[in-house]
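*Asks:* Numbering (my numbering), first residue to last: 2 to 116. Where is the CB? At the ideal position from N, CA and C, for every residue including glycine.
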């Protein structure tokens, strides 16, 4: 069982930045991949960024060049740095961890981009 706790969401103006954090209860040495997903009202949950253990990161086309996923293995924490935010980035952002074929989810954190 892996518990994930997200933080860092909030209200930001278009063009602004936010950094989301997700602390995992398990060591990253045992986790196969970490990812961020988001879900806007009335839309399905979508992958935003993913960082596999020992592999290269991948991003949704809509966030490439604006968002960066990274990890701090000593803190078992994954981050999502979001720059040049747009109103269409408004959503609940979820942290996701894959461990031996089992997927775990955080509770989500709201990001609202509005003037």
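#1: Only counting runs of 3 or more residues, tell me where the beta strand (DSSP E) segments fall wholly within the segment 2-27, in order along the chain.
#2: Look at the Cβ atom of residue 21, then the Cβ atom of residue 110, and state whether they are nearer than 8 Å.
#3: Which same chain residues, not among the five before or five after residue 103, have their C-beta less than 7 Å away from its C-beta?
#4: Thinking C-beta only, is residue 70 closer than 8 Å to residue 50?
#5: Check the DSSP bridge columns for residue 104 and list the partner residues they point to.
#6: If you compare alpha carbons, which of 6, 19 and 24 is closest to residue 77?
#7: Within 10 Å of its beta-carbon, does residue 47 have 16 or more other beta-carbons around it, so buried, or fewer, so exposed?
*Replies:* Based on what the coordinates show:
#1: 5-8, 11-13 and 19-25
#2: Along the chain shown, read from residue 1 onward, the residue named residue 21 stands at position 20. Along the chain shown, read from residue 1 onward, the residue named residue 110 stands at position 109. Yes, these two residues count as a Cβ contact at 8 Å.
#3: Position 102 of the chain shown, counted from the start, is the residue given in the question as residue 103. Correct list: empty, nothing qualifies.
#4: The residue you call residue 50 lines up with position 49 of the chain shown. The residue you call residue 70 lines up with position 69 of the chain shown. Taking 8 Å as the Cβ cut-off, residue 50 and residue 70 qualify as a contacting pair.
#5: Walking along the chain shown from the start, residue 104 turns up at place 103. Per DSSP, 99.
#6: Your numbering for residue 77 matches position 76 in the chain shown. Cα-wise, what sits closest to residue 77 is 24.
#7: Taking the first residue of the chain shown as position 1, residue 47 is located at position 46. Counting Cβ neighbours within 10 Å, residue 47 comes out exposed, since fewer than 16 surround it.
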